[in-house]
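Quick notes on the structure that follows.
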Amino acid sequence: MDNTTYRDAIAELETILRALETDTIDVDELTARVQRSAQLIRLCKQKLRTAEDAIDRVFENLDQDEDDLPTPAEEDAPPLFAPPTPKRAPRAPRDTSGGLLF
1 MDNTTYRDAI
11 AELETILRAL
21 ETDTIDVDEL
31 TARVQRSAQL
41 IRLCKQKLRT
51 AEDAIDRVFE
61 NLDQDEDDLP
71 TPAEEDAPPL
81 FAPPTPKRAP
91 RAPRDTSGGL
101 LF
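With UniProt numbering, letter number 55 in the sequence shown gets 55, and the count goes up by one each step, no holes.
This is the structure:
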């Protein structure tokens, strides 16, 4: 497997292009350079696809994490199920002097 990095592949492609533009490659070497260029272009495309897929997965995971967070409305909303509050016995009525009215 080719361990060439994307940056190295681009640099080599630029070198080949400069050589083609300046006519420093003879005809016999031209075919080999064109074939190498095709390999490098395929490698770069694959690395870009791999990077794009990895970035998409990161954003999908972020979206899933956000889906798990409560929205502001959910944070303030009462719970879906609340246990019943215990009922207290009614207080006996009192008069204004603080005594019990019986």
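Glycine included, C-beta positions come from ideal geometry on N, C-alpha and C. From a predicted model like this one, the values you see are computed outputs, not experimental measurements.
Taking the beta carbon of A9 as the centre, do at least 16 other beta carbons fall within 10 Å, making it buried, or is it exposed?
So A9 ends up on the buried side.
Hey, how far is the Cα of V27 from the Cα of S37?
V27 and S37 have their C-alpha atoms spaced approximately 15 Å apart.
Output the boundary residues of the alpha helix (DSSP H) element that contains D8.
D8: member of the alpha helix (DSSP H) spanning 6-21, first to last residue.
Quick check on the burial criterion: 16 or more other C-beta atoms within 10 angstroms. Buried or exposed for L43?
L43 should be labelled buried.
Taking the straight line between their C-alpha atoms, what separation do you get for I55 and L13?
Between I55 and L13, the C-alpha separation is close to 25 Å.
Status (buried if at least 16 other CB within 10 Å, exposed otherwise) for L40:
Buried, by the Cβ-count rule.
Per DSSP, what kind of secondary structure is N61 in: helix, strand or coil?
Note: N61 maps to helix in three-state DSSP.
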